[in-house]
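Undergrad: In our numbering, the protein residues as written are 10 to 147.
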Ligand SMILES: [Zn+2]
Ligand SMILES: [Zn+2]
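As structure tokens, then:
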């Protein structure tokens with residue numbers, strides 16, 4: 010889908026965005042920070058260049074979840090929208106779950122397999138990486 014445009018947003022509609030073209034990657038993250046921020050066992054992310062993502066109304070409110078990273082969310086309804094970090098300059102992760110058609114962006118890997126909850130089992134054959142960046146394959 011090289012020229013496709015996908016739309017998404019938060020639960021209340023205050024945050025709406027468009028993403029253009031294919032993501033650089035899409036993956037589940039099992040890290041404890043994503044888990045806590047999303048209150049979910051694992052989070053599916055699509056990674057884009059910043060210029061592929063356009064926020065149509067307001068931008069997400071950002072929270073410094075660590076010294077290196079900021080998580081963007083809707084201040085009204087709390088939906089997690091985005092993630093940026095010093096170690097991925099110029100790039101922005103978007104939660105696939107906030108997209109209007111999450112089926113359009115299937116994950117192709119699992120990150121932070123080392124932090125995966127013991128009762129979380131995905132029945133896919135995707136590569137599983139111990140951490141992120143994915144230097145090691147589990
Ligand atoms: Zn909202
Ligand atoms: Zn994570």
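We treat Cβ as the ideally placed atom computed from N, Cα and C, and that holds for glycine.
Computed from a predicted model, the values in this text were never measured in an experiment.
Here's the rule: buried if 16 or more other CB atoms are within 10 angstroms of the residue's CB, otherwise exposed. What is residue 119?
TA: Buried, since its Cβ has 16 or more Cβ neighbours within 10 Å.
Undergrad: Near residue 16, what residues of its chain come up, given a Cβ to Cβ distance below 6 angstroms and the 5 sequence neighbours on each side ignored?
TA: Correct list, in chain order: 27, 109.
Undergrad: Helix or strand or just coil, what does DSSP make of residue 85?
TA: Reduced to three states, the DSSP call for residue 85 is coil.
Undergrad: Taking the CB atoms as reference points, tell me whether residue 124 and residue 66 lie closer together than 8 angstroms.
TA: No, the pair does not count as a contact, with Cβ atoms beyond the cut-off.
Undergrad: With DSSP run on the structure shown, which of helix, strand or coil describes residue 71?
TA: If DSSP states are grouped into helix, strand and coil, residue 71 belongs with the strands.
Undergrad: Under a Cβ-count criterion, where at least 16 other Cβ atoms within 10 Å of its own Cβ denotes burial, should residue 91 be classed as buried or exposed?
TA: Buried, because 16 or more other Cβ atoms sit within 10 Å of the Cβ of residue 91.
Undergrad: Can you tell me whether DSSP reads residue 146 as helix, strand or coil?
TA: Any reading at residue 146 must be qualified, since the residue scores a pLDDT of 46, below 50, and its modelled position is unreliable; the value itself is stated next. Residue state, collapsed to three classes: strand.
Undergrad: Going by DSSP, what residues sit across from residue 38 in a beta bridge?
TA: The partner list for residue 38 (beta bridge, DSSP) reads 52, 120.
Undergrad: I'd like to know whether the C-beta atoms of residue 78 and residue 55 end up nearer to each other than 8 angstroms.
TA: Not closer than 8 angstroms, so no.
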